[in-house]
Each structure stands twice: as structure tokens, then as C-alpha cells.
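Enquirer: Numbering (the UniProt record's numbering), first residue to last: 1 to 570.
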């Protein structure tokens with residue numbers, strides 16, 4: 001029995017006298033038990049007996065079971081187990097030989113065993129921390145006992161571990177299927193529509209045991225997949241999908257596959273899943289690691305057994321705070337800091353606080369690159385200015401800039417770039433840092449040439465010396481404590497494209513007036529010391545929020561746009 005437990009494949013040769021042996025029956029019961037518990041591959045051979053005889057207890061099998069019942073009792077648990085095992089084993093697909101060529105049969109069996117053993121599990125992770133409990137939840141979502149064909153999605157931002165979890169899930173269940181295929185990195189492999197053809201060929205080849213297929217075009221591939229797999233129970237994983245065309249070409253409908261098939265899709269785009277007909281309760285949202293899991297994963301990468309260097313706990317905590325539960329960041333940062341001394345840790349963490357690690361940033365930025373232009377504008381505004389602010393307040397500000405904010409924000413949520421929590425917009429710290437870095441890269445050495453300004457030193461330098469340019473679109477300076485800064489009277493003169501100006505806790509000694517650009521849509525400055533003055537023709541201002549400000553006169557040229565103001569707080 002121990003040999004059965006340790007085996008990967010069991011071959012049962014059912015002959016006429018097989019059921020007469022209690023030992024053989026105990027073995028078949030153990031084999032079928034291991035099939036369920038350990039995914040043992042079971043291959044039956046029906047040698048000069050019919051499968052239905054084994055299944056239904058007829059002919060020699062029926063006579064043998066009558067003898068066992070008389071010996072052990074008709075209601076014996078032992079006999080019941082044997083009958084169930086024979087029924088289950090007799091229902092499996094295998095070989096049936098009456099008067100055929102035995103040598104040919106043996107070669108066929110050897111070939112099938114080789115194929116089965118060639119289905120090796122995928123490498124999951126060097127340190128699989130936190131994977132098992134999540135995979136267990138995914139397995140329960142798959143409802144493997146059902147014969148229905150089911151598609152599920154794994155959704156989350158880049159670097160969150162979707163591919164890792166999908167590999168672990170694949171390994172846990174792939175032996176339960178007649179054929180299986182893990183198509184990795186679909187996004188990268190199908191940048192052009194014609195690149196879908198090789199993926200279709202690979203899908204067919206993997207599931208159908210290495211057979212070679214020639215697909216001439218995507219439509220032909222669709223027909224071939226449906227024809228060859230519609231009666232086959234398959235497991236298909238489509239990893240990193242980002243376009244509905246990919247799903248339509250590779251797994252367009254549940255009817256393409258045989259009963260009991262399961263299709264698993266990993267993506268950064270929730271809407272991609274729902275638009276493909278996947279119900280919300282069949283979408284698993286991949287979230288950041290718990291603190292204890294993050295601590296364990298980071299330590300495994302940062303502190304190898306051979307590494308004897310002691311590091312202060314506060315530095316470890318800073319690294320964990322930076323990664324904020326993102327598995328990719330924990331692995332990259334832990335590996336980078338491994339073997340380094342404390343002063344190197346401090347230097348590295350200080351550098352990362354200013355500019356992100358390239359490996360991490362490149363992965364996160366893929367989601368940004370896939371956005372439309374107006375969605376990118378909304379994302380950058382939220383990343384640079386509005387993280388943690390109320391959604392409705394942000395919507396009013398961005399709507400004033402003629403953005404389609406409602407759908408834009410929804411797309412950002414669906415693509416895992418932002419979340420909405422308790423009425424406020426939030427995003428992962430590293431995604432925010434990625435967005436800020438995009439703006440900084442517009443001109444690394446000169447903040448005047450950047451579209452957005454939010455750092456106190458940058459704003460101070462630009463406004464104090466009349467150094468603004470028409471590149472600047474928004475300035476938001478939200479200081480934790482009141483602070484006085486110098487502003488040149490002509491600071492905004494050249495900022496012809498400035499659409500948002502928000503100054504919180506900013507005091508200036510200048511009594512005005514300061515001329516603001518006509519493109520300004522939203523002006524917010526509590527305790528503003530001077531009345532805003534615009535060049536002639538200002539008709540675009542939508543929001544004016546100047547509470548506790550010393551404003552006594554509204555110029556005639558400004559009255560023209562008052563009716564559009566929402567809100568108007570003076």
C-alpha cells in the first residue's frame with residue numbers, strides 16, 4: 001500500500017479472476033482513494049473482460065462479489081468499498097483487449113505513461129509565502145465537482161502575484177483534467193493580432209499531447225480549438241490578458257470546451273473579465289500581503305542563512321513600509337538589500353523614496369501605458385495631488401477641466417490603479433510614486449518644464465522668480481502647517497495652460513494684485529490675501545473656493561463667469 005501512495009501512476013489490469021482476490025480488491029480501493037486524495041493517475045486495462053462487467057459487477061465479477069458477501073457480510077463496509085472502487089475504476093477511460101496484439105498494447109501504455117509523466121508542475125516561487133491559503137480559496141471558487149464549464153478571473157495590479165498564484169493553482173489541479181495548458185504572458189506574446197495564431201497553435205499542441213497544428217489565421221484557429229476541444233475536459237490558464245481580442249481568439253466561449261473544463265484568466269483589467277461574461281463572484285481580487293506575510297517574504301530574500309550582517313529593526317520596518325505588501329517590491333528590495341550594511345540600507349531607502357526602483361516601476365507602468373490620454377491626465381492628477389481626498393471633491397475639480405471624470409475614474413479602478421474606500425480615492429504608494437515619477441521625467445532637472453507641481457521647493461522656486469512656463473497645467477501645494485512663501489506678481493503670466501491652482505496653508509506678504517491665466521478652471525486658496533485678477537475674456541473658471549479670504553471687490557470683467565461657478569466660496 002505504501003508503494004501505491006508514493007506512485008504517480010497506477011495501472012490496473014482487470015482480468016477474469018481479478019475480483020476473486022481480496023488483496024487485489026484492497027489495492028484497487030487504495031488506488032481510487034489516492035486518485036482523489038493525491039491526484040494519482042489511474043490507467044485501467046480491461047483484459048478479456050468488458051468494462052461494464054467491472055463497473056456493474058457482472059459475469060465473473062458478480063460471482064466473486066457474491067462469495068465475498070457471504071464471507072464478510074452483505075452489508076460489510078469492506079465489500080461496499082470494493083464495489084465503489086470497481087465502479088469508479090471501471091468508468092475510467094483505458095484500454096480494452098480481447099484478442100488483439102499485446103505487444104502493441106504495451107507500447108501504447110508506455111507511450112501514455114510517458115505523456116502523463118511529462119506533465120510536470122510549473123515552478124511557482126523561490127519562497128512561496130502566503131500562497132496556499134489563497135489557492136485554497138481559488139480552488140473552492142472553481143467548484144471542481146461540477147461538470148459545468150467555468151471561467152474565473154484573477155484580478156489585481158502589476159506586481160501583486162497574479163501569475164504566481166495562477167501557477168500554484170494550476171499545479172494543484174492540472175492532473176484532474178484530460179489536457180492542460182498554461183499560456184504565460186499573453187500581453188507580451190500577442191502585441192499584434194497576427195501573434196495570436198502562434199498562441200492558438202501552442203494551446204492546441206499543449207492540450208493535445210504535443211501534436212503539431214498549423215493555423216493559417218485567427219478565425220481558423222478559433223474553429224480548430226472548438227472542434228478539437230469541445231469534448232475534452234481541459235484546464236487552460238491565460239496569463240496577463242489585456243485585450244478582449246485575446247480572449248475571443250483563445251477562449252471565446254465556455255461551449256468551446258468539454259464538460260468540467262476550467263479556464264483561468266489573470267488580468268489587471270476587471271472590466272475585461274465582466275465584458276467577457278464572467279460574473280463578479282467568479283473574479284478573485286488579488287490583494288497585498290498581510291504584514292506578517294510581507295515580513296516573512298522580505299526576510300527570506302534579505303537575510304539568507306549565510307548572511308551574518310545585523311540590521312536595525314527600524315530599517316527593516318522602513319523597507320516594509322515602502323513595499324506596502326506588494327510581493328514584487330518585497331522580492332526586489334529584499335534581494336537588493338541582501339548582504340548590505342546599515343549605511344547602505346539607509347542610502348538605498350532614501351534614494352527609493354525619491355525615485356522608484358526601475359524593475360518595480362516598469363511592471364507597474366504597463367497599466368498606465370494602456371490608458372487613453374484623458375485617463376492618463378486623470379491618473380497623474382490623482383497621483384500627484386488628490387490621493388486620499390473625497391471622490392466627489394476630486395470629480396468636481398477634474399470635471400472643471402473638461403475630463404470625463406466619472407468613466408475615467410471607473411476605468412482606473414477597473415485597471416487596479418486606484419481604489420475607492422469610504423468615499424475617498426486611494427492608491428498603492430508605489431503606484432503613486434510611479435505616477436509622480438512620470439511627471440518628474442518630463443524634465444528631470446527643471447520643474448518649470450513639468451506639467452504638475454506639488455513639492456514645496458519646486459513651487460517656491462517657480463513662483464518666486466517668475467519662472468513659470470506654458471507646460472505647467474496644475475499646481476497644488478498642500479502644506480501641513482501654515483508657511484509663508486514669496487510669489488512674484490508675474491509668476492503666473494507665462495502659465496497659459498494652467499487649469500488648476502490650489503494653495504493650502506500658503507501665506508504670502510504680497511498684497512496683490514496677481515494676474516491669473518484665462519485657462520484656469522479651478523482656483524482654491526483659503527485665506528487668500530488678494531483678489532484674483534484675470535486678463536480679459538476669462539470665461540472658463542468653474543470652481544472658486546476662497547474661504548476666509550479678504551476679498552471685497554469683484555471686478556466687472558470677473559462677473560461674466562460667476563454664473564458658472566460651482567462651488568463659489570468667498
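Glycine included, each C-beta is placed from N, C-alpha and C at the ideal position. In this text the structure is predicted, and so the values were computed from the model without any measurement.
#1: What is the DSSP secondary structure of residue 515, reduced to helix, strand or coil?
#2: How about residue 241 and residue 221: are their beta carbons less than 7 angstroms apart?
#3: My guess is that residue 522 and residue 397 are in contact by the Cβ rule of under 8 angstroms, so how many angstroms apart are they, rounded?
#4: Evaluate contact between the stretch 32-48 and the stretch 134-146, counting only Cβ atoms and requiring at least three cross-stretch pairs below 8 angstroms.
#5: Using the C-alpha atoms, what's the distance from residue 167 back to residue 180?
#6: From residue 492 to residue 507, what distance separates their C-alpha atoms?
#7: Contact between the stretch 4-20 and the stretch 39-57: three or more CB pairs below 8 angstroms?
#8: According to DSSP, simplified to helix, strand and coil, what is residue 292?
#9: Between the beta-carbon of residue 187 and the beta-carbon of residue 415, is there less than 7 angstroms?
#10: Could you check the C-alpha separation between residue 219 and residue 249 for me, to the nearest Å?
#11: Under 8 angstroms: do the stretch 347-362 and the stretch 372-386 share three or more Cβ pairs, one atom per stretch?
#12: Measure the alpha-carbon distance for residue 490 versus residue 459 and round it to whole angstroms.
#13: Taking residue 450 as the reference, give the member of 264, 470, 465, 464 with the closest Cα.
#14: What residue range is occupied by the uninterrupted alpha helix (DSSP H) comprising residue 133?
#15: Distance, Cα to Cα, residue 146 vs residue 224?
#16: What does the alpha-carbon distance come out to for the pair residue 226 and residue 117?
#17: Using the rule of at least 16 other Cβ atoms within 10 Å of the residue's Cβ for burial, across every protein chain shown, is residue 313 buried or exposed?
#18: Counting Cβ pairs closer than 8 angstroms, one from the stretch 145-159 and one from the stretch 260-279, do we hit at least three?
#19: When the distance is taken between beta carbons, is residue 454 closer than 7 angstroms to residue 385?
#20: Buried or exposed: where does residue 66 fall if 16 or more other Cβ atoms within 10 Å of its Cβ makes it buried?
#21: Taking the alpha-carbon positions, what's the residue 401 to residue 499 distance?
#22: What does a CB cutoff of less than 6 angstroms around residue 555 pick up in its chain, not counting 5 residues either side in sequence?
#23: Tell me the DSSP bridge mates of residue 424?
#24: Among residues of its own chain, excluding the 5 on either side of residue 88, which ones have a beta-carbon nearer than 7 angstroms to its beta-carbon?
#25: Whole angstroms is fine: what's the gap from residue 171's alpha carbon to residue 283's?
#26: Nearest to residue 30 by alpha carbon, out of 78, 446, 53?
#27: Hey, how far is the Cα of residue 557 from the Cα of residue 290?
#28: On the CB-based measure, 16 or more other CB atoms within 10 Å of its CB, does residue 528 come out buried or exposed?
#29: Just to confirm before moving on: does the CB-CB distance between residue 129 and residue 321 stay below 7 angstroms?
#30: How long is the line joining the alpha carbons of residue 254 and residue 201, rounded to whole angstroms?
#31: Measuring straight from C-alpha to C-alpha, what distance separates residue 430 and residue 323?
Expert: According to the structure data:
#1: Three-state DSSP puts residue 515 in a strand.
#2: no
#3: Contact holds; Cβ gap of about 5 angstroms.
#4: no
#5: Whole-angstrom Cα-Cα distance: 12 angstroms.
#6: In this structure, the CA atom of residue 492 is about 17 angstroms from the CA atom of residue 507.
#7: yes
#8: helix
#9: No.
#10: Approximately 8 angstroms between the Cα atoms of the pair.
#11: no
#12: 14 angstroms
#13: 470
#14: Per DSSP, residue 133 belongs to the alpha helix (DSSP H) from 131-142.
#15: 26 angstroms
#16: 27 angstroms
#17: exposed
#18: yes
#19: In terms of Cβ geometry, residue 385 and residue 454 form a close pair [threshold 7 angstroms].
#20: Here residue 66 is exposed, its C-beta having fewer than 16 other C-beta atoms within 10 Å.
#21: 7 angstroms
#22: Residue placement at residue 555 cannot be trusted, given a pLDDT of 48 that sits under 50; what the coordinates show is reported in the next sentence. Nothing meets the Cβ criterion.
#23: 390, 421
#24: Closer than 7 angstroms at Cβ, skipping near neighbours: 32.
#25: 20 angstroms
#26: 78
#27: For residue 557, the predicted model reports a pLDDT of 47, less than 50, meaning its position is unreliable; a value from the coordinates is still stated below. Roughly 57 angstroms separates the two Cα atoms.
#28: buried
#29: no
#30: 19 angstroms
#31: 7 angstroms
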